[in-house]
Structure formats: C-alpha cells, structure tokens
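> There's a structure below that I have some questions on.
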Amino acid sequence: MPRFSFNSCPWLFLLGLLWLSGACQRSADFFFLRNEGAVMPVQVAGPPDSRDILILLPGGPAGDGQSYRRVFPFFREQLEPKLRVVYYDQRGAGNCQGVYDTSSLHLAQLAEDLDRLVDVLRRENAGARIFLLGYSYGGALGLTYLLDPNRQAKITGFIGLSGAYDRQRQMEYQDQLVDYLLAQWTAAGELPPLDLLQPDFHCAEQADPGQCQRDSLQIMAEVTQRFTKIGRLNQFPFTMASVGRLLGLAFCSPTNPLTSGRNEVLHGRYFQPEFDQLLLTDRAGALHLPVLLLAGRYDTNVPFFDAEHLFAQLGTPAEERQLHFLEQSGHLPMITAPEEVARAILGFVENH
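Note that the numbering used here numbers the sequence shown so that position 314 is 316, with each residue one more than the last.
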C-alpha cells in the first residue's frame, strides 16, 4: 500500500490554487472612488446594458461590502443576472485605503462618500435608475443619505433589508419580540398558558407544588428550545459550501479578509457609539421616493418593529411603499429566504 509523502503537499497546494482560480469570477468591473482622503474599492457586476443599478450598503458598522458578492450567493445568482449590483468598501471598512482621520468615521461622512459614488455612476451611465439596498447598518446609512432632498432626487428607490434605523430602541424591540413570539405560540396552542412563568406565580401556593414545578421546568425547556432554533436563523452557517465561499473570498476576489477584519475591529469602535444612539425614523416623513422594507419575523438583531415604525413614518405615498415580512427568516434573509427576497427586490425595481 503506497504511503502518503509530505513531499506531495506543494503539488496538492498548487492544484488547489488552480481549482480556486478556475472558479474565480472575473465579470465585475473594478475601480477606486476617491473622496476626502479615502480611496474606496468598487466592484460593479451584472449585465452591462442594464439601466437598473443597485448599490449595496453593507452591514456593520465597518463591514466589508465587497465580500458580499463572494460570501452570499444570493447577490450573484439572484440579482446580478437581472441588474447591475455595486459593491464597495466604505471609508474605514474592508480594503479602503488612503489617508483620513478617524474623526471622519461617522454616518454623515459615509453619506457624503456615497453621494460621490452616486454621481460617478450617474455620469458614467446616462439614463440609469439607481436604487439603494441597505442591509442592517446599511439601512441607517441609506436613510441618512436620503434625508437630504437633493440627494434623494438622484435615487429611484430605497430597499431596506433587515435595516436598522432606530438602534437606540434595540433592547425595547427585542423585549417586544419575545412577548410577541410567546403570545403567538400560546394563541396557536403550541405552548400552554404561561402563567407558571410569571414573576408573581409561586408553585408553593398551588394544590400540587411538585407537579407545578415539573410543569414549569417543562415549559421553560420548550421555550428555550424554540429560542435556540430562532438563534440559529440569526447566525452565519458554517457548512462545506460556505467555507468554500470564504476560501474563494481569500483567493479569488480583489479583497483581503485579513485587512477587512482588522479594519472592522479598529474602526468599528468609532462608528458604534453613534449607531447605538441612532433614532432616524421620526424624520422619515422627509422621504417621498418609493420604498421597500424587508424584515425577518425572527430577526433578533433588528426586530421587525423597527421596519414597522419606519413604514408608518414615511412620507412616501401609500401606493409607493411596501412592507414585506419574511416569515421564516432572522437577520440573514439572503441565506434563509434568497428566492423570496429576490422576488420582492426585482419586482420592486421592475415596477419603479
């Protein structure tokens, strides 16, 4: 029986690199956007003749925009065949370069950078319709940008995907989500009445304290199991396929994951305090363009109440705004419901 030799490792490594290089996508245009000291890499992928351009505003703060094309197949498989998708690393994020002060790491400056990108795309694509897709923190950036009426006039429509608009209310919304889910499960008969879990309920006062305690433990175990399942809907799944995509990100994309990770750690702390205090929805009456809001019913990071509140405050005419609940999704609907999200986004773009 032949023995494995470590001398073969270099050949295996080279074969692996050849396989990865063959799998690399080379269909995206690439350029650098320069503004106020920052040099931001930009990819544009999709049909060159499409009039519809979708700018992805990634999550974060300080999230890597370019990585979405490689890590989430949803964008390449569902969106790019129909429209042009723009991925870019914002100031302080991903593989952004240049010389700029950390005092510029805030939403107002990100909105100014975004405006420069919008102007470049409009100049290079006469007659194009530009849509913003804000995911999570990107929703806050999109809304901040659109509050300026001159900038809003350049955009055909806004799409919020699990968007965070009132981060200051996060804990309040999370408490509401727990109450909402417990009430839904109880009303559907999936859980017994939850009196046993109330703080003022005492098993010692019941006719059979022992049975009462056993019932309480059983209910708590069932509730814990349900919330554990919901937690999985809000976590990135590490599978063979997803790990392969992460390797593709490292070897077959114009971004460096190590640099991106370092920037997120170093620069996220400058964005985070502003984000944590954010209350934007009460100003949403200034928005009058078409809006589509997509929210996961089981999103524990940005509960769907955030989207509900924004929807109610929009100045957009009723017939031009949509609120779409993703009933089986958490905070990663591009993984848990890619087809449903794609239908909603492409339908919105087509109708406007």
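Glycine included, C-beta positions come from ideal geometry on N, C-alpha and C. Since the structure is predicted, the reported quantities are computational estimates derived from the model, not experimental observations.
Return the first residue and the last residue of the beta strand (DSSP E) that H326 is part of.
323–328
> If you check the beta carbons only, do N265 and G96 fall under 8 Å apart?
yes
> For Q92, which residues in the same chain have their Cβ closer than 6 Å to its Cβ, ignoring the five residues on either side in sequence?
For Q92, the CB contacts under 6 Å within the same chain, skipping 5 residues up- and downstream, are L112 in chain order.
> With H, G and I counted as helix, E and B as strand and the rest as coil, what does DSSP make of V73?
helix
> Taking Cβ positions, are L134 and L163 nearer each other than 8 Å?
no
> Taking contact to mean 3 or more Cβ pairs, one atom from each stretch, closer than 8 Å, check whether the region 49–65 and the region 104–122 are in contact.
yes
> If you follow the beta strand (DSSP E) that F203 is in, where does it begin and where does it stop?
Careful: F203 lies outside any beta strand (DSSP E) and carries neither H nor E.
> Please name the residue or residues paired with G39 in a DSSP beta bridge.
Answer by DSSP bridge pairing: none, since G39 is not bridged.
> Answer yes or no: do E79 and G48 have a C-beta to C-beta separation smaller than 8 Å?
Not in contact: E79 and G48 (Cβ atoms no closer than 8 Å).
> Using a threshold of 8 Å, state whether the C-beta atoms of Q279 and Q170 are closer than that.
The answer is yes: Cβ separation under 8 Å.
> Relative to the C-alpha of I180, which candidate in G349, F306, R323, L325 has its C-alpha closest?
Residue identity check: residue 180 is Val in the sequence provided, not Ile. The shortest C-alpha separation from V180 is found at F306.
> Give me the residue from L291, Y90, Q324 with the minimum Cα distance to G317.
When each option's Cα is compared against that of G317, the closest is L291.
> Check whether the Cβ atoms of S138 and V304 sit closer than 8 Å, and answer yes or no.
yes
> Per DSSP, G159 is paired with what?
F133
> Decide if F277 is buried, meaning its Cβ has at least 16 other Cβ atoms within 10 Å, or exposed.
buried
> Is DSSP giving D150 helix, strand or coil here?
In the structure shown, D150 sits in coil (DSSP, three-state: anything other than H, G, I, E or B).
> Is G159 near H354, with beta carbons less than 8 Å apart?
Cβ distance < 8 Å, so G159 and H354 count as in contact.
> Name the DSSP beta bridge partners of V88, please?
V46, I57
> Would you mind reading off the limits of the beta strand (DSSP E) that contains Q296?
In the sequence under discussion, the amino acid at residue 296 is Leu, which differs from the Gln named in the question. DSSP places L296 inside the beta strand (DSSP E), whose first and last residues are 293–298.
> Using the Cβ count rule (16 or more neighbours within 10 Å means buried), how would you classify H204?
exposed
> Please tell me whether L325 and E341 are closer than 8 Å, where the distance is taken between their beta carbons.
Contact flag unset, no.
> Pick helix, strand or coil for A346, following the three-state DSSP scheme.
helix
> Quick one: Cα of W13 to Cα of I337, how far?
A caution first: W13 carries a pLDDT of 48, below 50, which makes its placement in the model unreliable, though a value can still be read off. Rounded to whole angstroms, W13 to I337 spans 35 Å at the Cα level.
> On the CB-based measure, 16 or more other CB atoms within 10 Å of its CB, does A155 come out buried or exposed?
exposed
> To which residues of the same chain is Y300 closer than 7 Å at the C-beta, ignoring the five residues directly before and after it?
I232, L235, S331, G332
> So, with DSSP's three-state summary, where would you put F306?
coil
> So, are the CB atoms of M42 and C98 less than 8 Å apart?
yes
> What number of angstroms, rounded off, separates the C-alpha of F327 from the C-alpha of Q213?
40 Å
> So, is A339 buried or exposed, given that buried needs 16 or more other C-beta atoms within 10 angstroms?
buried
> Classify Q237 as helix, strand or coil using the three-state DSSP reduction.
coil
> F77 and R71: beta carbons closer than 8 Å?
yes
> Quick one, which of L107, D284, R36, A320 has its alpha-carbon nearest L294's?
A320
> Does the beta-carbon distance from N37 to E126 come in below 8 Å?
no
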